[in-house]
Every structure is written in C-alpha cells, then in structure tokens.
Amino acid sequence: MGNTLGHGIRQLRSGWADGPAYVTQCPILTGQSYVYNFTIIGQRGTLFWHAHISWLRATLYGPIIILHKRGIPYPFAKPYKEVPIVFGEWFNSDPEAVISQALQTGGGPNVSDAYTINGLPGPLYNCSAKDTFKLKVKPGKTYLLRLVNAALNDELFFSIANHTLTVVDVDAVYVKPFKTETLLITPGQTTNVILKTKPSYPNATFFMTARPYVTGQGTFDNSTVAGILEYESPPNSLHSSIMLPLFKPILPALNDTSFATKFGSKLRSLASAQYPANVPQKVDKHFFFTVGLGTSPCQHNQTCQGPNGTKFSASVNNVSFAMPTSALLQAHFFGQSNGVYTPDFPSTPITPFNYTGSPPNNTTVSNGTKVVVLPFNTSVELVMQDTSILGAESHPLHLHGFNFFIVGQGFGNFDPNKDPAKFNLIDPSGGWVAIRFLADNPGK
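For the sequence shown, position 90 (counting from the first letter as 1) is numbered 90 according to full-length UniProt numbering, and the numbering increases by one without interruption.
Structure below.
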C-alpha cells in the first residue's frame with residue numbers, strides 16, 4: 001500500500017491530491033494506481049514528493065522542481081547550472097518493520113545504517129567508497145544547488161570544504177540571501193543555495209558532508225555521509241591521472257544549538273515588491289498547542305518501554321492522534337463523519353502547567369481523532385510549546401496546505417502577557433514558536 005505527497009505544494013482547493021493516507025484519501029492498494037491531478041499556483045522553487053503511509057517514505061522520494069514563468073528572472077543572477085542534491089537514509093532492514101515495532105512498544109525507532117546523497121552513502125561508510133556522489137564543476141561558474149532533506153527524522157548539517165554557500169530560497173519561498181559555510185536542513189525541508197566555484201582549477205578535491213544535529217535523548221545515527229566536489233580537468237592536463245589532496249569541512253558539534261538558533265534567525269522573507277511577506281496583522285483565532293511525549297496504557301500481552309510499563313505517545317494538548325479507518329476528507333465530503341472524527345480538538349492544553357520546569361505527575365494522554373474546524377479565510381495565530389515531561393525532543397513540524405510566518409520564538413515557557421509585544425510582524429525570522437497563517441485553502 002502507498003500514497004505519495006508533493007511535499008510543500010499548497011494544493012489550493014485540491015486537498016484530495018495532497019496524499020496523506022486516511023487524512024485526504026484511503027491508501028492505494030498493492031497493484032492499484034491513482035493519478036494525482038492538481039494545479040501549481042503562485043509557487044516556484046524546489047519541493048519534493050515522497051510516499052505518505054507508514055515508513056515507505058524511507059526509500060520512495062524524489063525532487064519536484066517548479067520553474068518560473070517564462071521571461072521572469074530569478075531575484076539573483078542566473079546560475080550556470082542547477083543540480084538537485086537529495087539527502088536520504090538507508091536501512092539494512094525493512095523500514096516498515098522498524099516503525100511497526102516502535103509504535104507497538106512506544107520506544108524510539110531503530111536508527112538507519114547510513115545517510116545518502118542522491119542515493120549514495122559515500123566513502124566514510126564501510127565498503128561504499130565506489131558508491132559516492134560526485135559533483136563535477138568548472139571554475140569561475142555559479143551553480144544553484146537544490147537541496148532536499150528526505151531523511152525520516154534527522155536535521156542535518158551540510159558543508160562543502162573550502163567553499164561558501166549563499167542561501168537564497170527555503171521551501172520554495174525566496175529569502176534574503178545570506179552567506180554561510182554550513183547550513184542546517186530539517187526533514188521535509190528544501191534549501192536552494194548558490195555555489196560560486198573557484199576562479200581557477202584548484203590542486204585539490206573537496207568533501208561535501210552531512211550529519212545530524214541532535215539535542216534530545218533519542219536514538220540517532222551519528223554518522224556522516226560524504227560526496228565529492230571535483231573540478232573538471234583543464235584541457236591538456238595531467239590532473240586526472242594524479243591523486244589530488246582531499247579537503248574536509250568541519251561541521252558543528254552534534255548538539256550545537258547555538259549554531260542552529262543563529263542559522264534559523266537568518267531566515268528572513270525576501271519581502272520585496274515582487275515577493276512580499278503578507279504576514280497577517282490581525283488575528284481571528286488564537287491557539288496554544290503543547291507538543292511533547294506522554295504515556296498511554298500498554299496493549300495487552302505487550303512489553304512497552306515507557307515509565308512503569310506504559311507506552312510513550314506523542315501528543316498535542318494531551319491528545320495522541322488515532323489513525324481512522326476512513327479518510328477524514330472523504331468522510332466529511334459524504335457527510336459520514338460521525339464516528340470517524342470529532343470536531344473538538346482543544347485550542348489550549350486541558351491542564352496548564354510549568355511546561356519546561358518541574359513537570360506534573362500526570363503524563364497521561366488520550367487517543368483520539370479530533371480536528372480543528374476553521375471558517376474560510378480565518379487569520380490564525382498558533383503558539384507551539386515544547387514540554388519537558390519525559391525529555392525534550394527536537395522534532396521539526398510542518399503544515400500542509402499553507403505557508404506560515406514565524407513571528408516569534410524563545411526558550412523556556414511562552415509568556416502570553418509579555419512575549420507577543422516582541423513579535424516581528426514585518427519581516428519575521430525563525431523554544432516555543434509562534435506562527436501566523438491565513439486559512440484560505442479548504443480541505444483537511
């Protein structure tokens with residue numbers, strides 16, 4: 001079974017073509033097919049598609065490149081060449097079995113055996129030196145690298161030795177260009193960068209490497225994938241027949257939150273006349289979501305890995321999502337939502353507490369298929385607060401169907417009396433985090 005999803009495509013009024021199994025459609029059965037039909041409106045840049053049921057997305061993915069309308073230039077100099085670079089993961093086991101076991105016991109899933117660049121793990125793993133991605137370039141040229149993180153859970157640092165990258169676009173949205181030696185790319189995220197090659201042929205080759213950024217206590221594969229940046233040999237040269245020295249980049253420490261925070265703060269909307277940042281200035285509906293781990297009862301005859309034999313459960317406002325057996329959008333469309341979902345997802349935590357200080361004893365979460373219902377064109381502000389009940393986890397979140405603006409963030413507890421005064425509503429950057437978006441896209 002499987003579904004696919006164009007990750008980041010807004011799907012304006014085509015929510016049925018979004019792909020998540022049991023949310024917008026039922027899964028596509030083995031041997032069956034489904035044609036996704038949608039129109040791309042107002043977007044350009046790099047996105048990607050991947051399978052959207054269980055962990056089939058571990059190996060089934062690819063880039064989507066949306067070009068400009070003819071005659072409309074990039075807001076930067078046209079590159080000599082464009083190259084997609086997709087980060088992935090490789091498991092020596094069946095990834096579906098890995099996630100199935102984790103969901104049964106509530107423990108962290110077993111980690112992958114390697115990261116990959118365009119499907120290749122590179123020379124830093126055993127026996128895979130011949131399986132190395134090589135980016136061949138000419139001197140004095142500008143290359144647009146279209147980076148995609150298709151890994152399952154891990155945020156990745158990425159760097160090319162002795163070369164500076166200029167970030168110009170994130171998730172198919174132009175940003176104010178900035179230079180960096182290293183960038184951070186989260187799962188499901190895309191980042192377009194400009195690479196200017198050296199003016200003359202260097203007497204060297206260069207590693208491009210990626211490995212995770214991790215702050216939680218979960219299990220992570222702390223290994224490094226490497227590709228090679230290689231300058232094409234000049235005409236009538238002996239370069240190709242000799243071994244050139246290989247330079248390696250120095251990536252930040254595994255848990256370098258300072259780097260991650262500073263990098264995130266540099267991501268600003270381009271906010272030009274042609275690409276304005278239309279941040280909602282008024283708010284119709286406020287939500288406060290706690291995001292973290294709770295516990296739920298262990299299934300009969302099952303051994304679970306949570307405290308006192310319970311099962312760890314991810315939760316938002318003490319609700320852990322229960323996968324329905326009918327697709328939510330389909331149930332709503334046919335007026336058969338009764339018994340499939342309830343429209344009563346809590347807009348604030350049921351029990352407020354000191355979220356990042358001493359946690360309460362009550363860690364129980366309920367399982368439910370609850371939805372938030374919004375009238376068309378509602379202007380929404382959502383504050384997401386991490387909780388430290390059972391250990392903090394750094395886990396990226398994304399919103400289907402909408403582009404949102406990060407208007408504020410911070411470490412510790414969100415203060416509703418003081419923090420909103422510091423929100424940036426002109427040109428926001430990327431703790432707790434506050435986002436705003438306009439609910440202008442019907443669907444689930």
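Glycine is no exception: its CB is placed at the ideal position from the N, C-alpha and C atoms.
Quick one, are the C-beta atoms of residue i and residue j less than 8 Å apart?
i	j	result
glutamate 89	threonine 132	no
valine 371	tyrosine 341	yes
proline 245	serine 159	no
aspartate 348	phenylalanine 423	This sequence places threonine at residue 348; aspartate is not what is there. The answer is no: Cβ separation not under 8 Å.
proline 443	arginine 10	One detail in the question is off: residue 443 reads as glycine in this sequence, not proline. Contact flag unset, no.
serine 112	aspartate 221	yes
leucine 152	tryptophan 55	yes
threonine 186	proline 20	no
glutamine 302	glutamine 104	yes
asparagine 162	phenylalanine 206	yes
serine 233	proline 139	no
valine 173	asparagine 441	no
leucine 425	valine 279	yes
phenylalanine 247	alanine 204	yes
proline 75	leucine 270	yes
glycine 412	threonine 356	yes
phenylalanine 334	leucine 251	no
valine 225	proline 352	no
threonine 190	valine 175	no
serine 223	alanine 102	no
proline 79	aspartate 154	no
Between residue i and the rest of its own chain, which residues show a CB-CB distance below 8 Å, the 5 nearest in sequence each way excluded?
i	result
cysteine 298	Gly106, Cys304, Gly306, Gly309, Thr310 and Lys311
valine 193	Leu144, Leu145, Leu147, Leu165, Thr166, Val167, Val168 and Leu183
glycine 430	Residue confidence for glycine 430 is low, a pLDDT of 44 falling below 50, so the modelled location carries little weight and cannot support an answer.
leucine 67	Arg44
leucine 374	Lys285, Val380 and Ala439
threonine 4	Gly19, Tyr36, Trp49, His50, Ala51, His52 and Leu60
phenylalanine 38	Gly6, Ile9, Gln11, Ser14 and Ala17
Secondary structure at residue i, three-state DSSP: helix, strand or coil?
i	result
alanine 421	helix
leucine 270	coil
leucine 374	coil
glutamine 281	coil
Near residue i, what residues of its chain come up, given a Cβ to Cβ distance below 7 Å and the 5 sequence neighbours on each side ignored?
i	result
asparagine 255	Val214 and Thr215
histidine 7	Leu47, Phe48, Trp49, His50 and Gly188
alanine 77	Thr142
tryptophan 16	Thr24, Gln25 and Leu329
asparagine 118	Ile85, Val86 and Phe133
residue 468	Residue coverage of the chain in this structure runs from 1 to 444, which leaves residue 468 outside it and unanswerable.
lysine 282	Ser379
proline 63	Thr46, Phe48, Pro84, Val86, Arg146 and Val148
lysine 198	Pro139
What does a CB cutoff of less than 6 Å around residue i pick up in its chain, not counting 5 residues either side in sequence?
i	result
serine 313	Gly294, Ser296, Ser320 and Val365
tyrosine 22	Met323, Pro324 and Ala327
methionine 384	Phe289, Val291 and Val433
methionine 208	Ile160, Gly227 and Leu229
proline 177	Thr166 and Val168
lysine 134	Ile228 and Glu230
arginine 57	His50 and Ala51
leucine 390	Leu293
valine 98	Pro109 and Asn110
proline 343	Val371 and Val373
valine 316	Phe289 and Val291
leucine 12	Ile41 and Asn441
proline 346	Asn317
leucine 399	none
lysine 136	Glu230 and Glu232
histidine 300	none
What are the boundary residues of the alpha helix (DSSP H) that residue i is part of?
i	result
alanine 260	257 to 265
How far does the beta strand (DSSP E) with residue i in it extend, from its first residue to its last?
i	result
glutamine 409	405 to 410
leucine 293	285 to 296
leucine 438	432 to 439
* Taking only runs that begin and end inside the UniProt domain "Plastocyanin-like" (7 to 69), name each unbroken beta strand (DSSP E) of 3 or more residues, in chain order. => Listed in chain order, they are 45 to 51 and 61 to 66.
Open item on the list: So within the UniProt domain "Plastocyanin-like" (82 to 233), which uninterrupted alpha helix (DSSP H) runs reach at least 4 residues, ignoring any that extend past its ends?
Closed with: Segments of the alpha helix (DSSP H) lying fully in the UniProt domain "Plastocyanin-like" (82 to 233): 95 to 105.
Q: Jot down the residue ranges of each uninterrupted alpha helix (DSSP H) in the stretch 309 to 383, minimum 4 residues, whole runs only, in chain order.
A: You should have 328 to 333.
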